[in-house]
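This report concerns only the one structure given below.
Numbering (this note's numbering), first residue to last: 15 to 491.
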């Protein structure tokens, strides 16, 4: 099968949509300087042709007289009309499917609703746009519109402020689903000292720039990697860097991603708590003991329960826990069990991820089988269950290559949302990134456009090029 578009700049998004709908990779090929998309393992020789004709976009199929047209709408991006027509043709003529997320391949569906609200549109018109233009199902439309309603209160707390993301890109081992540029702390221990030194230089230099003179910080998020993989002295040194460079008492939210319980004990939890962290993440991803070994974790569910209880005893009253639906070898019943066990622990927030098969992960590179399960139905079941337990969905994002074209949803008890998660996922605030693997995003509040500058992902490159990291921020800020 070949897909030909008269506008080549839309090929990337058409390819992503085709990948999603066929659940197969479409290749971009060039013959005689003509670029087209090819699905080589579909045996037919059909040609799908997209072209602009006057004030319409037209799609034709070589195998039949089937023709789809849609008028160009000045209020709707032209590329989305190309995607909509391709979606209709594939769903009706080849796959007999009706994906719940419609033509969306982007990661921020809630942002669409937030932007439509800014234009003054009412709920019914927003629903019509989501259904008729984006082809989103009623179920998903209701989900993202409900999340947008919840975010209105959160967004008001973020106004005129910025957030900081601080990366500690070290882990005790690499989980098979992960693709982050984290360094094995056991093999890379010799790089930690220089990393913390350079991190301090970057934080001090950046926050001394005139840009920050009148800026207030709404949230600080320490992520990774697994930040708690630092040892006791390194952890104390890290928090000294924080306290020496800004007043954490003036920050609305301070999150530390403790992550893996095999990096935690009482002393580390006390160090974190004593340094005024008011929100931590403990992320088991599953509560099935056999799965921990499969994915590369060095602990069991008993360890998760013990660390969670210990965190409560120390004084943490805002704990998030992450779960992933679709981990290697798990059945639907296994996933239901994990949800039940996490709910019993009663954390303030639960983030439910749908497994994304990332290009650099072991699942992909080692061709580890992922079972063809009804994850979409399970995600809806989990959504309903968590809401009956007092959790409400407050942020959502999507990734490429997710099982059944799914989503990740953050749930929280009333008022226990994460400011940082909403600011970052829906791009409604400037976020300054520090450390390897981080990225700085400056929001222009007048145009709503984002300017980005990344740091090096690799720890060694970051350590060896800290002056370049400083100059990048100077140019942007």
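Glycine residues also receive a C-beta, built at the ideal position from the N, C-alpha and C atoms. Quick caveat: nothing in here was measured; it's all calculated off a predicted structure.
Where does residue i land, buried or exposed, given buried means 16+ other C-beta within 10 angstroms?
i           : result
residue 59  : exposed
residue 222 : exposed
residue 344 : buried
residue 407 : buried
residue 409 : buried
residue 165 : buried
residue 32  : buried
residue 447 : buried
residue 246 : exposed
residue 62  : buried
residue 112 : exposed
residue 106 : exposed
residue 139 : exposed
residue 147 : buried
residue 68  : exposed
residue 224 : exposed
residue 273 : buried
residue 478 : exposed
With DSSP as the reference, please indicate the residues paired to residue i in a beta bridge.
i           : result
residue 96  : In DSSP, residue 96 forms no bridge with anything.
residue 454 : 467
residue 185 : 198
residue 293 : 269
residue 41  : 52
residue 72  : 65, 83
residue 19  : 64
residue 363 : 334, 426
residue 6   : Because the chain in this structure spans residues 15 to 491, residue 6 falls outside the shown range and cannot be described.
residue 138 : In the DSSP output, where bridge partners are listed per residue, residue 138 has none listed.
residue 416 : 370
residue 299 : 337
So, under 8 Å CB-CB, residue i and residue j are touching, yes? Tell me the CB distance rounded to an integer number of Å.
i           : j           : result
residue 196 : residue 160 : Not really, about 34 Å apart at Cβ, beyond 8 Å.
residue 302 : residue 336 : That belief does not hold up - the Cβ atoms of residue 302 and residue 336 are roughly 15 Å apart, past 8 Å.
residue 473 : residue 437 : Going by Cβ atoms, the distance from residue 473 to residue 437 rounds to 26 Å, so no, they are not a contact pair.
residue 296 : residue 341 : Actually they do not touch by this definition, with Cβ atoms about 17 Å apart.
residue 217 : residue 255 : 6 Å
residue 480 : residue 215 : 6 Å
residue 291 : residue 248 : Not quite, the Cβ-Cβ distance comes to about 16 Å (not below 8 Å), so this is no contact.
residue 363 : residue 397 : 14 Å between Cβ atoms; not a contact.
residue 40  : residue 29  : 5 Å
residue 240 : residue 298 : The pair is not a contact, with the Cβ atoms about 13 Å apart (cut-off 8 Å).
residue 442 : residue 455 : Between residue 455 and residue 442 the Cβ distance is about 11 Å, and since that is not below 8 Å, they are no contact.
residue 265 : residue 233 : 7 Å
residue 162 : residue 136 : The pair is not a contact, with the Cβ atoms about 13 Å apart (cut-off 8 Å).
residue 114 : residue 151 : 4 Å
residue 101 : residue 121 : That pair is no contact at about 18 Å.
residue 52  : residue 70  : Contact doesn't hold; Cβ gap of about 26 Å is too wide.
residue 332 : residue 293 : 4 Å
residue 35  : residue 104 : 5 Å
residue 388 : residue 346 : 7 Å
From what residue to what residue does the alpha helix (DSSP H) around residue i run?
i           : result
residue 219 : 206-221
residue 32  : 25-36
residue 169 : 152-172
residue 351 : 346-359
residue 390 : 389-402
residue 241 : Per DSSP, residue 241 belongs to no alpha helix (DSSP H) and is neither H nor E.
residue 130 : 123-132
residue 147 : Here residue 147 belongs to no alpha helix (DSSP H), and DSSP marks it neither H nor E.
residue 284 : 280-288
residue 435 : 433-439
In terms of residues, what are the limits of the beta strand (DSSP E) holding residue i?
i           : result
residue 483 : Not the beta strand (DSSP E): residue 483 falls in the alpha helix (DSSP H), residues 480-490.
residue 425 : 422-427
residue 370 : That residue, residue 370, is in no beta strand (DSSP E); it is neither H nor E in DSSP.
residue 307 : No beta strand (DSSP E) holds residue 307; the alpha helix (DSSP H) holding it covers 303-309.
residue 328 : Premise fails: residue 328 lies in the alpha helix (DSSP H), 315-328, not in any beta strand (DSSP E).
residue 407 : 405-411
residue 235 : 230-238
residue 5   : Shown here, the chain extends from 15 to 491; a query on residue 5 therefore has no answer.
residue 337 : 333-339
For chain C, is any of its Cβ atoms less than 8 Å away from the one on residue i?
i           : result
residue 211 : Looking for chain C here will not work: only one protein chain is present.
| query | Do the segment 262-273 and the segment 427-447 make contact, defined as three or more Cβ pairs closer than 8 Å? | reply | yes
| task | Report yes or no: do three or more beta-carbon pairs, one from the segment 412-421 and one from the segment 360-368, lie closer than 8 Å? | result | yes
| said: Would the segment 74-86 count as touching the segment 121-133 if we require 3 or more Cβ pairs under 8 Å? | reply: no
| task | Count the C-beta pairs between the segment 87-107 and the segment 22-42 that are closer than 8 Å, then say yes if the count reaches three, no if not. | result | yes
| query | Below 8 Å, can you find three or more Cβ-Cβ pairs linking the segment 352-360 to the segment 179-189? | reply | no
| message | Count Cβ pairs between the segment 310-317 and the segment 325-333 that sit closer than 8 Å; are there 3 or more? | response | no
| query | Taking one C-beta from the segment 465-483 and one from the segment 201-210 each time, how about it: are there three or more such pairs within less than 8 Å? | reply | yes
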